[in-house]
Amino acid sequence: MRHRNSCYVIRIVIVFIVVLLQGCGEEKLSPIPASGTILAFGDSLTVGYGVAQQNSYPSVLSELSGRRVINAGVSGEVTAEGLLRLPETLEQTQPDLLILLEGGNDILRNKGQAAAKKNLASMIEVAQSLGVEVVLIGVPVKSLFSDTAPFYRELAEQYQLVFEDELIADLMRNRSYKSDAIHFNQQGYRLMAESIYELLTDNGAL
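When we follow the numbering used here, the leftmost residue of the sequence shown carries the number 71, and every step to the right adds one.
Pasting the structure below:
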């Protein structure tokens, strides 16, 4: 009887481990069809300020992914403005996936992280209510060698988003990737696109 109970316990443990491993391997994003659309929404880092349009990260991501990537960046935009703009942009473009990179201007202009977090939360909810999956890109706080503002991770956890935490912060720390204090050069934007492409691939979108 003791041997039988031991075998039963072992079988339960094995089943638990298999389920756990399967859960760890789950893809977090739906595959984007070859005819699908990615909406890159944000501010000047999405626009590709400082380089020609073909060298912006959305253009390079389109090249890498073979998907249509719409550059919906507006230089100087804060999250309150982005929140007003997003619903119509989503309606017009009907994307399969939204890459959300906003909040840098809020931080630079000391608008308050609580307000930026609230606006981004509303943007995420708008997209999800329309069935559009969201990938969130974090932005660093305004200090030397700074890390991503903590509220980005909080949002990613709250809404269960695929999240790129340190990409922008890492690029910002390296002068060789920058065209000025807050924007990237051609190499920087390409590295940005390559990292996002890898993120989408690793999470099942591509």
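Idealized CB from N, CA, C, for every residue including glycine.
Annotation: the continuous alpha helix (DSSP H) that includes A186 extends over 183-199. C-alpha of N273 to C-alpha of E203: approximately 12 Å in a straight line.
Our two residues, L190 and V196, have alpha carbons roughly 10 Å apart in a direct line. Two segments are said to touch when three or more pairs of C-beta atoms, one from each, lie closer than 8 Å; by this definition the region 209-224 does not touch the region 147-155. For L99, no alpha helix (DSSP H) encloses it, and the DSSP letter there is neither H nor E. Distances from the CA of S199 to each of L241, F111, L115, L156 were compared; the closest alpha carbon is that of L156. By the C-beta density criterion, T116 is buried, having at least 16 other C-beta atoms within 10 angstroms.
Residue state for V232 is assigned as strand, using DSSP reduced to three classes. Annotation: the continuous beta strand (DSSP E) that includes E203 extends over 203-207. In the DSSP assignment, V130 falls within the alpha helix (DSSP H) that extends over 127-135. Under the DSSP assignment, A110 falls outside any alpha helix (DSSP H), being part of the beta strand (DSSP E) whose first and last residues are 107-112. Annotation for L170: the continuous beta strand (DSSP E) segment containing it runs 167-171. DSSP places N141 inside the beta strand (DSSP E), whose first and last residues are 138-143. Within 10 angstroms of the beta-carbon of E268 lie fewer than 16 other beta-carbons, which makes it exposed.
In this chain, the alpha helix (DSSP H) harbouring Y267 covers 256-272.
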